[in-house]
Structures are given as structure tokens and as C-alpha cells.
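Student: Here you go, one structure.
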Amino acid sequence: MELGDGTITLRPPREPDAAAVAAAVISSHAELWPWMPWATEGYDETDALDWIRGDLDPTERAWLILGPDGELAGTCGINLVNGVNRFANLGYWLRSDRVGRGWATAAVRLVARHGHEQLDLHRLELIMSTANERSRRVAERAGARHEGVMRGRLRLHDEFHDVHLFSLLPGDLG
Numbered sequence: 057m058e059l060g061d062g063t064i065t066l067r068p069p070r071e072p073d074a075a076a077v078a079a080a081v082i083s084s085h086a087e088l089w090p091w092m093p094w095a096t097e098g099y100d101e102t103d104a105l106d107w108i109r110g111d112l113d114p115t116e117r118a119w120l121i122l123g124p125d126g127e128l129a130g131t132c133g134i135n136l137v138n139g140v141n142r143f144a145n146l147g148y149w150l151r152s153d154r155v156g157r158g159w160a161t162a163a164v165r166l167v168a169r170h171g172h173e174q175l176d177l178h179r180l181e182l183i184m185s186t187a188n189e190r191s192r193r194v195a196e197r198a199g200a201r202h203e204g205v206m207r208g209r210l211r212l213h214d215e216f217h218d219v220h221l222f223s224l225l226p227g228d229l230g
């Protein structure tokens, strides 16, 4: 299902997108890798195809973020779905040359609204290392509420990091 706001478009990834996904990851390796260990220097089209073809739980969703020019700007998705309690994780990344335009914030809001309205999720959680200031600012601008810091919640490169925990409930989107 495509989502959009008149500036960006979100759509599910397809196999022909693998080269663009790989190029976006490689071009942004230095900025992504500290927070996303899968974004290695050797990330290639095969890795992107594996992600696109991945055996996602049917309740999980991933979207490509496309800028106004139709070019790949990043991805946004819902995972770690807890159907009983109706909550999930919401994650995102943008390629380095596309940051600072409000597109990650817009993508978070679009995906959150879809999660609430179409997937019947009551709560979406956004977590990021306390050292990841850009991601924290995206969560804040999207209207997510900061609930606190969780100690040692995220393992990155064999080290445990404290994380900010943000949440989006249906009323937070206005």
C-alpha cells in the first residue's frame, strides 16, 4: 500500500529496487553504521534483495521513502509487532544527502497513522541510542512523546547502549 503527503511517497520495496537500496546504504554508510550495524561497508545488492525478499511476519511492514523527484531517500517500517497488546516498533533511516528536509518526520507520521488506522495498533514505539541526536529530533518533530531512558536496552557493535523511548498513540498525531 502506498502512503503519501504530497511531498514524499512511501511504497513497499520491490526486487527492482535492490540496486537503489544498496546505493543509498553505501552512500550513507558512515552515518548509518553507528546506529544500524547491518549497514556495513560491504552492503550490496544481494543484501538489499535479501531484505526485500525477507520472511517478514505478515504483520510487519516496510516502505521506501521516495522524495518529490521519485528518488529513494530511505526507508521506514513497523516491526516487532505485539498483536495481543497492539503495539510495535517504528524505525526509519534516510540517506545522508536527503536529511534535513523533514522527510523522515513526515514518513514517521504517515507510517504511524497507517499503523493506528489500518493495522489496529494502539501504540508505536521509537527507540534510539541516547547518542543518536538526529533520530531523537525526528521522533520529537513527529509528535512522539518521550517516556524516558532505558538503560542498556540496545546492543550496537557488541556494546549495550541506553536508549530514548518515545511513543505515538492515535491522539498524538492530531
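Everything in the sequence shown is counted per the working numbering, starting at 57 for the first residue and increasing by one. Note that the Cβ used here is the ideal one computed from N, Cα and C, for glycine as well.
Run the CB neighbour count on N138, radius 10 Å, all protein chains shown included, and call it buried at 16 or more, exposed below.
Tutor: Stepping through the sequence shown from its first residue, residue 138 is reached at position 82. Exposed, since its Cβ has fewer than 16 Cβ neighbours within 10 Å.
Student: Can L221 and G204 be called in contact, C-beta distance under 7 Å?
Tutor: Along the sequence shown, one-based indexing puts residue 221 at 165. Along the sequence shown, one-based indexing puts residue 204 at 148. Taking 7 Å as the Cβ cut-off, L221 and G204 qualify as a contacting pair.
Student: Which ranges would you report for the beta strand (DSSP E) in the stretch 151-208 if only whole runs of at least 3 residues count?
Tutor: You should have 179-185.
Student: So, under 8 Å CB-CB, L182 and R142 are touching, yes? Tell me the CB distance rounded to an integer number of Å.
Tutor: Here the question's residue 182 lines up with position 126 in the sequence shown. Here the question's residue 142 lines up with position 86 in the sequence shown. With a Cβ gap of about 16 Å, L182 and R142 do not count as contacting.
Student: Please classify H172 as buried or exposed, where buried requires at least 16 neighbouring CB atoms within 10 angstroms.
Tutor: If you number the sequence shown from 1, residue 172 lands on position 116. Buried, since its Cβ has 16 or more Cβ neighbours within 10 Å.
Student: Going by beta-carbon coordinates alone, are L225 and R179 separated by less than 7 Å?
Tutor: Residue mapping note: residue 225 aligns to position 169 of the sequence shown, counting from 1. Residue mapping note: residue 179 aligns to position 123 of the sequence shown, counting from 1. Yes.
Student: Taking the CB atoms as reference points, tell me whether Y99 and I82 lie closer together than 7 Å.
Tutor: Here residue 99 is taken as the residue at index 43 of the sequence shown, counted from 1. Here residue 82 is taken as the residue at index 26 of the sequence shown, counted from 1. In this structure, I82 lies closer than 7 Å to Y99 by Cβ.
Student: In angstroms with no decimal places, state the Cα-to-Cα distance between I134 and A195.
Tutor: Start at 1 with the first residue of the sequence shown, and residue 134 comes out as number 78. Start at 1 with the first residue of the sequence shown, and residue 195 comes out as number 139. If you take the alpha carbons of I134 and A195, they lie about 14 Å apart.
Student: Ordered along the chain, which non-local residues of its own chain (more than five positions away) have a Cβ less than 6 Å from that of S191?
Tutor: Position 135 of the sequence shown holds residue 191. Closer than 6 Å at the Cβ level, and outside the excluded window around S191, lie M184.
Student: Leaving out five residues before and five after R117 in sequence, what residues of the same chain have Cβ atoms less than 7 Å from its Cβ?
Tutor: One-based indexing of the sequence shown puts residue 117 at position 61. So the qualifying residues of the chain are G133, I134.
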